[in-house]
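First comes the structure, then the notes that go with it.
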Amino acid sequence: MPAEQPHMAPLTQEHAEQVLEIYRLGIEEGDATFETEPPSWEVFDRTKLPDHRFVALDSGTGDVLGWVAATQVSDRCAYAGVVEHSVYVHPAARGKGVARALMSALITSTEAAGIWTIQSGVFPENTPSLALHLHAGFRVIGTRERIARHHGRWRDVLLLERRSPEIL
Numbered sequence: 016m017p018a019e020q021p022h023m024a025p026l027t028q029e030h031a032e033q034v035l036e037i038y039r040l041g042i043e044e045g046d047a048t049f050e051t052e053p054p055s056w057e058v059f060d061r062t063k064l065p066d067h068r069f070v071a072l073d074s075g076t077g078d079v080l081g082w083v084a085a086t087q088v089s090d091r092c093a094y095a096g097v098v099e100h101s102v103y104v105h106p107a108a109r110g111k112g113v114a115r116a117l118m119s120a121l122i123t124s125t126e127a128a129g130i131w132t133i134q135s136g137v138f139p140e141n142t143p144s145l146a147l148h149l150h151a152g153f154r155v156i157g158t159r160e161r162i163a164r165h166h167g168r169w170r171d172v173l174l175l176e177r178r179s180p181e182i183l
């Protein structure tokens, strides 16, 4: 797919169809999320923080190669600097730096906003996602054993976080 670095852009409604399709493809693979289908655009748009969601676009075609988005962890003011995120890359665009570019865009935007912690839950079997997060400065906080059932079986989730060295 991309021959050069993807172009980063804010994730907006114009990207909705491709973003939700990439989400659906990730769900179908079975190791990305407990979700069984992507939400409607209205739900996605309402729950993702507008200043912390990005798409990676193919520089030639403008196609969405992947996306990253953050959600508020809690409405309690003590957690104002903590978000949870998701990152998805189209299968044909994997291994080309798209996820790293998306993660970089997210880290830059959250640090500029004073957010000190980005967290995520990753299935232990999702080794590419785990490697991406570790490369981006995340650390494994622990394992939530048998936290929920997914397609009829109990699944563990690794809890990861990245504490910003810029926000003290």
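So the sequence shown is numbered by the working numbering: it starts at 16 and just counts up by one.
By construction, the Cβ of each residue, glycine as well, lies at the ideal position given by its N, Cα and C atoms.
Cβ of Val137 within 8 angstroms of any chain D Cβ: Absence of chain D from the displayed structure is noted, only one protein chain being present.
Nearest-angstrom beta carbon gap, Gly96 and Gly136 [assumed within contact, 8 angstroms]: Not a contact, Cβ separation roughly 19 angstroms.
Rounded Cβ spacing between Met23 and Ala108 (contact assumed at less than 8 angstroms): Wrong, their Cβ atoms sit about 14 angstroms apart, outside the cutoff.
Leu149 versus Glu36: straight-line alpha-carbon distance, rounded: 26 angstroms
For Gln87, the residue or residues it bridges with in DSSP: Val98
Distance, Ile133 Cα to Glu126 Cα: 10 angstroms
Residue from Ser144, Ile42, His166 and Gln87 whose Cα sits closest to the Cα of Ala114: Ser144
Spatially closest choice to Asp78 from Ala31, Ser55, Gln87 and His165, by CA coordinates: Ala31
Under the three-state DSSP convention, the category Asp171 falls into: strand
For Phe49 and Ala163, believed in contact at Cβ under 8 angstroms, the rounded distance: 6 angstroms
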